[in-house]
Amino acid sequence: MARSISYINGSQLLALNGSPNISIVDVRDDERSYDGHIAGSLHYASGTFSDKISNLVQEVKGKDTLVFHCSLSQVRGPTCARRLANYLTEVKNDEIKNILVLERGFNGWEASGRPVCRCTSMPCKG
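See below:
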């Protein structure tokens with residue numbers, strides 16, 4: 078059975094951010110380096126996402142909720158979220174319970190005045 082993917086808005090994510098069971102996955106490509114990012118987010122560029130999906134699953138071990146986003150969360154974010162859902166079904170991984178996409182993406186997050194990190198650390202220390 079296919080896993081469902083839901084949307085989360087910025088206010089909901091802000092309330093959850095920092096929770097030990099959630100990871101934010103930024104799938105933007107180069108723009109992350111000059112636009113900033115959501116503090117603590119992981120970076121898995123959409124262009125290489127499929128090749129690194131198993132690395133992501135290892136990196137988020139112990140998390141049960143992943144929130145994906147790109148610039149607007151209209152194409153890359155939802156596409157990568159669906160790829161992860163399909164992968165988890167294939168490998169029979171039930172540790173990750175919730176796969177979410179941030180409504181309006183990073184651009185909406187930033188435009189709403191929510192906190193943006195401009196560090197260059199990989200991974201971001203928030």
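Numbers 78 to 203, taken from my numbering, label the letters of the sequence shown in order. For every residue, glycine included, the Cβ atom is placed at its ideal position computed from N, Cα and C.
If you keep only unbroken alpha helix (DSSP H) runs of at least 4 residues inside the region 122 to 201, you get 126 to 136, 153 to 167 and 182 to 188. DSSP places D112 in the uninterrupted alpha helix (DSSP H) bounded by E108 to D112. In this structure, the CA atom of R159 is about 10 Å from the CA atom of L165. Rounded to whole angstroms, the gap between the alpha carbons of L133 and R109 is 17 Å.
Here V168 is exposed, its C-beta having fewer than 16 other C-beta atoms within 10 Å. S100: not part of any alpha helix (DSSP H); member of the beta strand (DSSP E) spanning I99 to D103, first to last residue. The three-state secondary structure of S96, taken from DSSP, is coil.
Straight-line measurement puts the Cα of P192 at about 9 Å from the Cα of L91. Within its own chain, the residues whose Cβ lies closer than 8 Å to the Cβ of N98, once the five positions on either side in sequence are excluded, are G139, K140, D141 and T142, listed in chain order. V152 counts as exposed, since fewer than 16 other beta carbons sit within 10 angstroms of its beta carbon. Under the three-state reduction of DSSP, S88 is assigned to helix. C-alpha of N184 to C-alpha of L149: approximately 6 Å in a straight line.
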